[in-house]
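When we follow the numbering used here, the leftmost residue of the sequence shown carries the number 135, and every step to the right adds one.
Cβ coordinates follow ideal geometry from the N, Cα and C atoms, glycine included.
Treat the numbers as computed from the prediction; the structure is a model and nothing was measured.
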Amino acid sequence: MTLKTEHGGNDPYGRTLDGLLEGCQIIGHDWCYRYLNDAADKHNRRPKEELLGRKYMEMWPGIESTEVFAMIRRCLEERISHEMENEFTHPDGTKGWYELSIQAVPEGVLILSHDITGRKRTEKALKESEARLKEAHRIAKLGSWTYHLEGQLWWSDELYNIYGVSPETITPSPEAFINLIHPDDRPSMRDWIEACVTGKKPGELEFRTIFPDGTIRVFSGRGELVHDAKNRPAYVAGTTQDITERKRAEEALRKSEGEFRRVINAINEVIYAGTQGDDLMKSTLTFVSNQVREVFGISPDDFLQNPNLWFDSIHLDDREKLAEATNLAISTMTPVTRLYRVKNPQLKEYRWIEDEFIPQGESGKVTEFFGVARDVTDKKKLEQQFLRSQRMESIGVLAGGIAHDMNNILGPIVLSMQLFKKKLSDPKDQRMIELLETNSMRGTELVKQILTFARGSEVERTPLQLRHLIEELRTFVRQTFPPNISIETDIPKNLWVVEGNPTQLHQVLLNLCVNARDAMPGGGTLLLKAENVSLDEHYARMHAEAKAGSYVVISVEDTGMGIPQDILSKIFDPFFTTKEQGKGTGLGLSTVYTIAKGHGGFVNVYSEVGEGTRFKVYFPATESAAARNERVQAQESRAGRGEFILLVDDEAAVREITMIILEASGYRVLTANDGVEAISLYARHGHEINLVITDMNMPFLDGPALVRALHKMNPRVRVIGASGLAEKAKIAEAQGSGLNSFLSKPYTAEKLLEAIATVLGEETSGQG
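Below, the structure is given as structure tokens:
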């Protein structure tokens, strides 16, 4: 075969080049392809017919920036041959490596290409493998070595590193190596080397090496005799690994084995392990920590001898759920957290246990297990306290809204009765007015009672000695309770003083005593006890409603039927009662809870069915041990002298009757039905207005926002706020928004005029 050019002529090289396995291609002086053999087709991945007669740069865009193009150009210009390896990107995007020989021929340039892609891949894989092996040796601190029987010793790079020397400071030799070994280990090392050389496979040898800085490390060596092709001993190949850290860990583990059980037995959780049979009741405990005695009330030895003691101590209501959870963990081989109650015979009460049960096994079958059980009774109590507080807060929101509306209804009535008293002198009219006034005030008191058990409204408080209150109650109880109930008291003489409302505290004690009486229909013992306690921060963290400080604790304990656990968390809910219809309102314990909370205290209850109930009510003690005498001085209302008052309230009835009262008392009045209108009126008449009276709960623009706006218009504006929301937080918020005084709705005319006189009097004294 002759070489064919793009013009169809014959080339003297053609017959020779066509038969070569290497790719052959000739590029003319004009950079056009002159010839390509079949191998070149394969290398280029393009048919020769597509390339012949076409320019090299045209067929391979971007080739001008490559090294191979530079070599071809140099060969064309300078007629210099060149050999190189080149990575080439094929038209289909794949890449290959080729060994190129570029030679000058009369026609231009002859390029011979040899496909070395496979070799390059092998070299790359080998380099990567060597790098990975080297990195693995570095991480494992594993060095390799070869000892030829003629006496030459070779070390890998990592072996220098783990011996703490460098090739520049030491030449590997048997003598140099022996000098690195600890003197006490050199005899055994020589024997081990002799065994390797003679082909005895001595196994692993542990030895110590002295580093240049004097430190000592421990190594493990392995070696084996290697034979040549004629089965003659050739050399010993081996590895050396730094096992210093492993030996230290093993030593630490040996030392800690004696401490392990002491540590396990010192922690609060119960650690246990065992082997598992076909079902829950066929398990065997192999280990249980000493803490099981504190949590379960059973000794570790008894537990190990009879694992069924654990199941027998579980509350009957929890056994089925616990068995289901355990069987699920065993069938799926997944950990499960179990929550159940156990009867602790030492504490005589059920305790909540959170138990993490972790099954272990092979081939889908559980063969053993381990776990951690902890007493979470205090945590459960905190959760119950939190949920109880949430329920009470929700009811408080509802009661606050109802109270606000009722106060707006009752307010005009209360104020109107006082006007009618002055205008209607007929005795019959006076009696009717008194009747209406009495019932209106009863409605007002009802609102206060709702707020008392729902949120705790502000009440008058004085320093109290609870000892006297308990003694009075004891006398009452003995006279009214059935004779089959005995009354016992335990009250110290040095009981601290609390600040509270005597009527409310009496109500707390009476409600608890009545509950205790009802819990003992067949008779029993009622114990009234008081004590001084100081709660620390730890106790406060364990009880959501408690704060660190000094408390007087009143306990009311009975020997009655007890309260079931499933309803214990509901007893403080308003209207919840277990008494039959007509014998209970469900407000007794709710009132106890709310009064205690309103006084800054809290309530704890302990009960067990058949064992009685104990309520403990905590009241903060006052700083002074001596009770202060109550000093309440009422200010007399006085008639106005034509002062101008802006009255703001969204309730028309409240605005109307309040305006009548004020005008009848000598004041001039301007009214607004919301905050927006009030700002508009104050902008026009602010220079005349002496005082603003505003409701704090209004749509569009509420009282606090109105007060802030008025203060921006006139920093010296005098404002009295009024609201039917009597809880402390709302009062504090209102007073903190720039008020000079605050009135709780519904208020009497005397209270209203008294507040006005006080605020205007402050203004006068400030000006004087």
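Taking a C-beta distance under 8 Å as the contact criterion, G820 and P754 do not qualify as a contact pair. In this structure I697 touches I705 by the C-beta definition: roughly 7 Å separates them, less than 8 Å. The beta carbon of A674 sits closer than 8 Å to the beta carbons of A680, K681 and A682 from its chain, once the five residues preceding and following it are set aside; these are given in chain order.
Taking E483 as reference, the option from R748, G495, A650 and S724 with the minimal CA-CA separation is R748.
In the DSSP secondary-structure assignment, D829 is bridged to A856. Closest in alpha carbon position to E665, among V632, P636 and T637, is V632.
Short of 7 Å from the beta carbon of T378, and not among the five residues preceding or following it, lie these beta carbons of its own chain, in chain order: R351 and V352. With respect to the C-alpha of R842, the residue from L873, D829 and A817 having the closest C-alpha is L873. Relative to N402, the option among N628, V422, F736 and L661 whose CA is nearest is V422. Measuring C-alpha to C-alpha distances from E811 to each of K364, D784 and M793 identifies D784 as the nearest.
The segment 153-165 and the segment 244-262 touch, with three or more beta-carbon pairs separated by less than 8 Å. Taken in chain order, the whole alpha helix (DSSP H) runs of length 4 or more contained in the segment 639-699 are 671-676. For I197, there is no enclosing beta strand (DSSP E), as DSSP marks it with neither H nor E. Closest in alpha carbon position to V510, among P636, S668 and D489, is D489.
The beta carbon of N848 sits closer than 7 Å to those of G820, all from its chain and outside the five residues before and after it, given in chain order. The C-alpha of K846 lies about 15 Å from the C-alpha of L835. Setting aside the 5 residues that flank it on each side, V737 is surrounded in the same chain by Y727, A730 and V751, each with a C-beta closer than 6 Å to its C-beta; the list follows chain order. Where W326 is concerned, there is no enclosing beta strand (DSSP E), although the alpha helix (DSSP H) around it starts and stops at R320 to V331. Per DSSP, the beta bridge partners of Q375 are L276 and S354. In the DSSP assignment, F706 falls outside any beta strand (DSSP E), carrying neither H nor E.
DSSP lists K477 as the beta-bridge partner residues of Y484.
When DSSP states are grouped into helix, strand and coil, E217 belongs to the strand group. Taking 8 Å as the cut-off, the Cβ atoms of I236 and S215 count as close.
Residue environment: H733 is assigned as buried (16 or more neighbouring CB atoms within 10 Å of its CB, all protein chains considered).
Beta-bridge analysis with DSSP links A407 to F421 and F504. Remark: C-beta atoms of G187 and G242 do not approach each other more closely than 8 Å. The C-alpha of L387 lies about 38 Å from the C-alpha of K514. The continuous beta strand (DSSP E) containing K750 extends over residues G746 to P754. Per DSSP, reduced to three states, the secondary structure at S875 is strand. Apart from the 5 residues on each side of it in sequence, T693 sits with its Cβ closer than 6 Å to the Cβ of G658, T659 and G746 in its chain, given in chain order.
Within the segment 420-466, the complete alpha helix (DSSP H) runs of at least 4 residues fall at 426-430, 434-439, 442-446 and 450-466.
N365 carries a coil assignment under DSSP once its states are collapsed to helix, strand and coil. Listed in chain order, the non-local C-beta contacts of S307 below 6 Å within the same chain comprise L287, local neighbours out to five positions each way being set aside. Apart from the 5 residues on each side of it in sequence, D175 sits with its Cβ closer than 7 Å to the Cβ of P181 and K182 in its chain, given in chain order. Distance from the Cα of T251 is smallest, within the candidate group V239, A265, F876 and T228, for T228.
S620: member of the beta strand (DSSP E) spanning I619 to D624, first to last residue.
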